[in-house]
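Here the structure is laid out as structure tokens; the discussion comes afterwards.
Numbering (this note's numbering), first residue to last: 2 to 298.
Now the structure itself:
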């Protein structure tokens, strides 16, 4: 009766036979899966092992076909203690010619997932373009910027309309007519008021003549056009004011001559030096107001 040890690898469940009984309880490396395990005596006798064929399954164990693919890798043993360890099914049932014709199994390589590089943000793509060239060369300093002062823009020139001399003369004549009408109306109003006051009171107030001059100048200024305001309108106002003061005096003189029947009433009795003073003030005021110079002093 042989003293060989029958053991089963707990990793790949391969049936192994050890000729030396000293391997019992020691560690050995399985020649099928190259995993270390402790050698233990299995419950199968050598007689049962001889009767079983290669394809028969040991009682209470799975067949090699039912084992997972990851464990069925044929790796060569490297430890010196595994030289005597052989699978149980080899040597007795299979001839040596069949073993030599079998091709060694290729180890199944594990599938590795492809490593994906992290996607770069679109705004960072420009950082990878010619980064070395940017770092190697120095950026020159920009030259000092010269500030040029721009001349202020001149306002656009307005196109002057060509004046029609005939139309200008016509408008000047019309303005003179309106100025004479406005000054005459003011003179009549002032003269009527002055005569009424003299008849009512019996006194001739010279300050009223001064007021008539201002009233005539204001009437000329309102009735004249813009291009007539000036020396011409002032002269018209002064003439109208002088006539508005002297004409009432002449009318009073004529009335007195008619009433007295041609008595010895002369012009000296009607015109005194004060009348000349009030007449001068009236014409000066009418000229300033009519020419638009009253508010400039």
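Glycine included, every Cβ here is placed at the ideal spot set by N, Cα and C.
Nothing here was measured: the structure is a model prediction, and the numbers come from that model.
- A distance below 7 Å separates the beta carbons of residue 238 and residue 287.
- In the three-state scheme derived from DSSP, where H, G and I count as helix and E and B as strand, residue 249 is classed as helix.
- In the structure shown, the three-state DSSP call for residue 32 is coil.
- Sequence-distant partners of residue 216 (beyond 5 residues in either direction) whose C-beta falls short of 6 Å from its own C-beta, in its chain, are 187 and 191.
- Under the three-state reduction of DSSP, residue 37 is assigned to strand.
- For residue 7, the enclosing beta strand (DSSP E) has its first and last residue at 6 to 9.
- Residue environment: residue 213 is assigned as buried (16 or more neighbouring CB atoms within 10 Å of its CB, all protein chains considered).
- In the displayed model, residue 18 falls within a strand according to three-state DSSP.
- The C-beta of residue 251 has fewer than 16 other C-beta atoms within 10 Å across all chains shown, which makes the residue exposed.
- Around the beta carbon of residue 36, fewer than 16 other beta carbons lie within 10 angstroms, which makes this residue exposed.
- In this model, residue 240 and residue 246 are separated by some 10 Å (Cα to Cα).
- Rounded to whole angstroms, the separation of the alpha carbons of residue 177 and residue 292 is 13 Å.
- Distance from the CA atom of residue 235 to the CA atom of residue 201, rounded to whole angstroms, is 33 Å.
- Here residue 183 is buried. Its C-beta has 16 or more other C-beta atoms within 10 Å.
- Residue 225 has its alpha-carbon roughly 15 Å from the corresponding atom of residue 294.
- Apart from sequence neighbours up to five positions away, the residues of its chain that approach residue 180 with a beta-carbon distance below 7 Å are 221, 224, 225, 229, 234 and 237, ordered along the chain.
- Taking a 10 Å sphere around the C-beta of residue 17, we find 16 or more other C-beta atoms and assign the residue as buried.
- The three-state secondary structure of residue 214, taken from DSSP, is helix.
- If you look at residue 293, you'll find it isn't in any alpha helix (DSSP H); DSSP assigns it neither H nor E.
- Taking 7 Å as the cut-off, the Cβ atoms of residue 33 and residue 9 do not count as close.
- Inclusion of residue 290 and residue 218 in the CB contact set at 7 Å is warranted, their separation being smaller than that value.
- With a threshold of 16 other beta carbon atoms within 10 Å, residue 19 meets it and is buried.
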